[in-house]
Amino acid sequence: MLRKEQNDYLTQTGPGTPLGNLFRCYWMPALLAEELPEPDCPPVRLKLLSERLLAFRDSEGKLGLIDEFCAHRGVSLWFGRNEECGIRCPYHGWKFDVSGQCVEVPSEPVESGYAKKIKLKSYPLIEKGGVLWTYMGPPEKQPPEPEFEFCTVPLNQTFMTKRLQESNWLQAMEGGIDSSHVSWLHRGDLSNDPLFKGAAGNKYNMKDLSPVFEVVENDGGLLIGARRNAEDDQYYWRITPWVMPCYTGVPPRGDHPIHGHFWVPIDDESCWAWSYDYHPTRPLTEAEVSAMRDGKGIHVKYVPGTYIPAANKNNDYLMNRAAQKAGKTFSGIEGIGMQDASLQESMGPICDRTKENLVGTDNGIIMARHRLMRAARALAEKGTIPPGVDPEHHKVRQAALLLKHDVQFKEGAKEALKAKKGVRQTSV
Amino acid sequence: MLSESARMTTAREASYRIQYPNSRERAVKVIALDPVAATVLEPISKGAWHGAAFFTSLNFAATATPGQGLDAWLKDVTGHAMNLISEVAASDFVVVITSVGEDARAVSVIADACKLHNKTLVGLIVPREGATDADVTASLADLRPYARMLVVASGADYIEAMLTALRA
Ligand code: FES
Ligand SMILES: [Fe+2]
Chain A
697 MLRKEQNDYL TQTGPGTPLG NLFRCYWMPA LLAEELPEPD CPPVRLKLLS
747 ERLLAFRDSE GKLGLIDEFC AHRGVSLWFG RNEECGIRCP YHGWKFDVSG
797 QCVEVPSEPV ESGYAKKIKL KSYPLIEKGG VLWTYMGPPE KQPPEPEFEF
847 CTVPLNQTFM TKRLQESNWL QAMEGGIDSS HVSWLHRGDL SNDPLFKGAA
897 GNKYNMKDLS PVFEVVENDG GLLIGARRNA EDDQYYWRIT PWVMPCYTGV
947 PPRGDHPIHG HFWVPIDDES CWAWSYDYHP TRPLTEAEVS AMRDGKGIHV
997 KYVPGTYIPA ANKNNDYLMN RAAQKAGKTF SGIEGIGMQD ASLQESMGPI
1047 CDRTKENLVG TDNGIIMARH RLMRAARALA EKGTIPPGVD PEHHKVRQAA
1097 LLLKHDVQFK EGAKEALKAK KGVRQTSV
Chain B
531 MLSESARMTT AREASYRIQY PNSRERAVKV IALDPVAATV LEPISKGAWH
581 GAAFFTSLNF AATATPGQGL DAWLKDVTGH AMNLISEVAA SDFVVVITSV
631 GEDARAVSVI ADACKLHNKT LVGLIVPREG ATDADVTASL ADLRPYARML
681 VVASGADYIE AMLTALRA
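Chains A and B are the protein sequences, given in the same order.
Here the first sequence stands for residues 697 to 1124, where the numbers follow this note's numbering.
Here the second sequence stands for residues 531 to 698, where the numbers follow this note's numbering.
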């Protein structure tokens, strides 16, 4: 349970809010690189942390992320012409470069220097691992580039998608650390999904439906260990990392690619659910990539030409009661991504946590909220740089492994939890 | 026309969530397993809690009937002694708190009581000055066999945060 003011604190990320300021300490995924494929391609409008922005790639391939609206009379620059190293407003011809600097005001003589006085707010936009990242905080505090393993391996080893989720970011992210729902909501998918099935570890999931949890704080956020009984004197551990504020990893299965998410606020009532899949040591196979494109694993099928899931609230998520009844899917919704999204959207645009009744096994969620509040407060009061900003904190891996009963998972899985170049993931 | 889900997920519809309570008060027993944890717990116990009861020590006495083992007594913050078994029996779940590296073996007695009455045991390990990683491992080893959820917190403020979140 959260009090109303705590719920507001954690769910509001617009400019000037405490959590908004916290988010503005980090590099965050803004767009897929495929959305700005080449110089002078069409610009893209996007909203992040409740700010309307325009992204474009100029004639030299430079990336820009600027205020969406023309400084002259406020029209959307999405209608603009991306030409000769700048975006030109179609209304009266003002032109802006990738830094938001106005470079031309046709009505005023060049010599007047009028254009120099006009500058749209802009944020850095960099390309890494097929993703365009932005940092929306104070320029003097810009951290080094992100080092999450999925964006540092060669491009043929990694695959990223995003989907629109019409709910506040927090209820989406909490799903990513809520390990106790997996045995219920997703139980049908372990044995059917091409990106999960066949792993030796799956049998422990199926056999032991009441895992025991351990939550441990680490430098960048949390490690949430779920253990189930295995043979002899061993436990089967699945370890989920959370890196503040919104990165979660799903423990791996066999040699399948490793996956996880970013949950990035668009505004307070919607977010982008980013889904990465990568293998640390080998290219993804054709079969894997086509399964991902086909919406398998944690990915989804789309309404063509959009990043809106094909099964969405406008078609009741294609609810299939017969499949639900037959136990083909537990909830009647197909695919892991939409199983989660359908339920999280059903909570309402901003979940009312004053009404919830958490239990002991929800401590991962309780702790994540606690750490977010603590970090936002320390930032506001003392300017403390929050956990997860340091790229070293990004180099954590999810893991699935067998450990002897008396071994602490953080110790026993110490090496497994480190992202190491050229080293395969630890997974059963 | 909008689908039902599209209509039902709007903020406007969310405002029609009915305002009746959906749960009753829960009896949570919060037990410090060691003297350091007891000092941490004492001020917290003075807060305004719903159904939480706080205990700062656990004592044993031989039972009247030989061969019946030990009788365990919890002492609450006012110094009253309560019978462990009946406290656990009257609880919804039990939270035990230990400071890193302190002797937490008393948990086994509490766990027996929880088992007897089928209650969930949540273990919380809070920091102690000068404690090492090996101490954390030792604390975890003490609690692991018994707790359904084990948390290693980096600050004692988490005790309050967790109890509030659980509506204790
Ligand atoms: S059972 Fe968890 S939300 Fe309903
Ligand atoms: Fe899920």
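Where is the CB? At the ideal position from N, CA and C, for every residue including glycine.
In terms of DSSP beta bridges, what is residue i paired with?
i	result
R934(A)	A922(A) and A1096(A)
K559(B)	A583(B) and V624(B)
G826(A)	Partner(s): none; G826(A) has no beta bridge.
A602(B)	F590(B)
C798(A)	F792(A)
L727(A)	L828(A)
L670(B)	DSSP, once it has assigned bridges, lists no residue as partnering L670(B).
R784(A)	R777(A) and K791(A)
R748(A)	K743(A)
Q1125(A)	Lying before the first or after the last residue shown, residue 1125(A) is absent from chain A, which here runs from 697 to 1124.
S818(A)	I762(A)
F1026(A)	The partner list for F1026(A) (beta bridge, DSSP) is empty, contrary to what the question assumes.
M902(A)	Bridge partners of M902(A): none, in fact.
E617(B)	For E617(B), which the question treats as bridged, DSSP gives no partner whatsoever.
A506(B)	The structure shown does not extend to residue 506(B), since chain B is modelled only from 531 to 698, so the question has no answer here.
G917(A)	N914(A) and V939(A)
V566(B)	BP columns for V566(B) are empty, so no partner.
L1114(A)	Before going on, a small fix: residue 1114(A) reads as Lys here, not Leu. DSSP, once it has assigned bridges, lists V1092(A) as partnering K1114(A).
Are the CB atoms of residue j and residue i within a distance shorter than 8 Å?
i	j	result
T854(A)	Y972(A)	yes
Q1020(A)	G1033(A)	no
T694(B)	I655(B)	no
L727(A)	L828(A)	yes
A582(B)	V566(B)	no
L744(A)	I962(A)	yes
G826(A)	L851(A)	yes
W959(A)	A868(A)	yes
G921(A)	T650(B)	no
G760(A)	V794(A)	yes
N568(B)	S587(B)	Residue identity differs from the one stated: residue 568(B) is Ala in this sequence, not Asn. Contact: yes.
V771(A)	C781(A)	no
R658(B)	G631(B)	yes
K1009(A)	E1041(A)	yes
K1114(A)	V912(A)	no
I640(B)	V652(B)	no
R585(B)	D564(B)	Here the sequence assigns Phe to residue 585(B), which means Arg is not the residue at that position. Their beta carbons are not under 8 Å apart, which means F585(B) does not touch D564(B) by this criterion.
F909(A)	S875(A)	yes
T1050(A)	L715(A)	no
I1061(A)	E870(A)	yes
V626(B)	H647(B)	no
D1048(A)	R547(B)	yes
D622(B)	V558(B)	yes
P739(A)	I783(A)	yes
Please report the Cβ distance between residue i and residue j, rounded to the nearest whole angstrom; I am assuming they are in contact, meaning their Cβ atoms lie under 8 Å.
i	j	result
F844(A)	H1090(A)	5 Å
Y974(A)	Y932(A)	Going by Cβ atoms, the distance from Y974(A) to Y932(A) rounds to 23 Å, so no, they are not a contact pair.
L742(A)	L732(A)	Not quite, the Cβ-Cβ distance comes to about 11 Å (not below 8 Å), so this is no contact.
P1045(A)	S746(A)	Contact flag wrong, Cβ pair sits at about 13 Å.
Q1094(A)	I935(A)	6 Å
G945(A)	A895(A)	Contact doesn't hold; Cβ gap of about 16 Å is too wide.
L706(A)	L866(A)	5 Å
H753(A)	P735(A)	Per the sequence shown, residue 753(A) should be read as Arg rather than His. Indeed they touch by this definition, with Cβ atoms about 6 Å apart.
M940(A)	P820(A)	With a Cβ gap of about 20 Å, M940(A) and P820(A) do not count as contacting.
I838(A)	M1069(A)	It is worth fixing the name first, because residue 838(A) is Gln in this sequence and not Ile. In fact, because the Cβ distance is near 24 Å, the residues do not count as touching under 8 Å.
Taking only beta-carbon positions, decide if residue i is within less than 8 Å of chain D.
i	result
D704(A)	Here chain D cannot be found, since the structure's protein chains are A and B.
Any chance you could list the alpha helix (DSSP H) runs of at least 4 consecutive residues sitting entirely within the stretch 932-1013 of chain A, in chain order? Taking only runs of at least 4 residues, the alpha helix (DSSP H) segments lying wholly in the stretch 932-1013 of chain A are 982-989.
List in chain order: all unbroken beta strand (DSSP E) runs of 3+ residues lying wholly within the stretch 751-782 of chain A. Within the stretch 751-782 of chain A, complete beta strand (DSSP E) segments of at least 3 residues are found at 759-763, given in chain order.
Quick check on the DSSP output: what are the complete beta strand (DSSP E) runs of length 3 or more inside the stretch 1054-1111 of chain A, in order along the chain? Annotation: the stretch 1054-1111 of chain A contains the following complete segments of the beta strand (DSSP E) (minimum length 3 residues), in chain order: 1095-1100.
With 7 Å as the limit, tell me which residues of the stretch 1044-1066 of chain A have their beta carbon closer than that to any beta carbon of chain B; keep them in chain order. Within the stretch 1044-1066 of chain A, the residues whose Cβ lies closer than 7 Å to some Cβ of chain B are G1044, P1045, D1048, K1051, N1053, L1054, G1056, T1057, N1059, I1062, M1063 and H1066, listed in chain order.
Under 9 Å, CB to CB, which of the residues in the stretch 605-633 of chain B have a partner in chain A? For the stretch 605-633 of chain B, the set of positions with a beta-carbon nearer than 9 Å to some beta-carbon of chain A reads F623 and V625 in chain order.
Identify each residue in the stretch 922-938 of chain A for which the Cβ-Cβ distance to at least one residue of chain B is less than 7 Å, and report them in chain order. So nothing in the stretch comes that close.
Where the stretch 546-557 of chain B meets chain A: residues whose CB sits under 7 Å from a CB there: From the stretch 546-557 of chain B, only R547, N552 and S553 have a Cβ closer than 7 Å to chain A.
Identify each residue in the stretch 534-545 of chain B for which the Cβ-Cβ distance to at least one residue of chain A is less than 8 Å, and report them in chain order. When CB distances to chain A are screened at a threshold of 8 Å, the residues of the stretch 534-545 of chain B falling below it are E534, S535, A536, M538, T539, T540, A541, E543 and A544, in chain order.
My parser needs the beta strand (DSSP E) runs of 3 or more residues fully inside the stretch 828-858 of chain A; what are they? For the stretch 828-858 of chain A, not one full-length beta strand (DSSP E) segment reaches 3 residues or more.
At a Cβ cut of 9 Å, what residues of the stretch 1008-1037 of chain A count as close to chain B, listed as they run along the chain? Listed in chain order, the positions of the stretch 1008-1037 of chain A with a beta carbon within less than 9 Å of a beta carbon of chain B are N1008, K1009, N1010, N1011, D1012, Y1013 and M1015.
Of all the residues that make up the stretch 630-655 of chain B, which are near chain A by a beta-carbon distance shorter than 7 Å? If you check each beta-carbon in the stretch 630-655 of chain B against every beta-carbon of chain A, the ones closer than 7 Å belong to T650 and V652.
Which runs of the beta strand (DSSP E), 3 residues or longer, sit entirely within the stretch 629-694 of chain B? With a minimum length of 3 residues, the continuous beta strand (DSSP E) runs that stay inside the stretch 629-694 of chain B are 650-656 and 679-682.
Near-chain B residues of the stretch 895-918 of chain A - C-beta to any C-beta below 7 Å: Residues of the stretch 895-918 of chain A with a C-beta less than 7 Å from any C-beta of chain B: V908, F909, E910, V911, V912 and E913, listed in chain order.
Which ranges does the alpha helix (DSSP H) cover as unbroken runs of at least 4 residues, wholly within the stretch 864-890 of chain A, from first to last along the chain? Listed in chain order, they are 865-873, 878-881 and 885-888.
If you measure beta-carbon to beta-carbon, which residues of the stretch 836-856 of chain A are closer than 7 Å to chain B? Against chain B - using a Cβ distance shorter than 7 Å - the stretch 836-856 of chain A contributes no residues.
Near-chain A residues of the stretch 673-687 of chain B (beta-carbon distance less than 9 Å), N- to C-terminal order: Listed by position, the residues of the stretch 673-687 of chain B near chain A (Cβ gap below 9 Å) are R674, P675, A677, R678, M679, L680, V681, V682, A683, S684, G685 and D687.
Using a Cβ cut-off of 7 Å, which residues of the stretch 1097-1121 of chain A contact any Cβ in chain B, in chain order? Against chain B - using a Cβ distance shorter than 7 Å - the residues of the stretch 1097-1121 of chain A are D1102, Q1104 and E1107.
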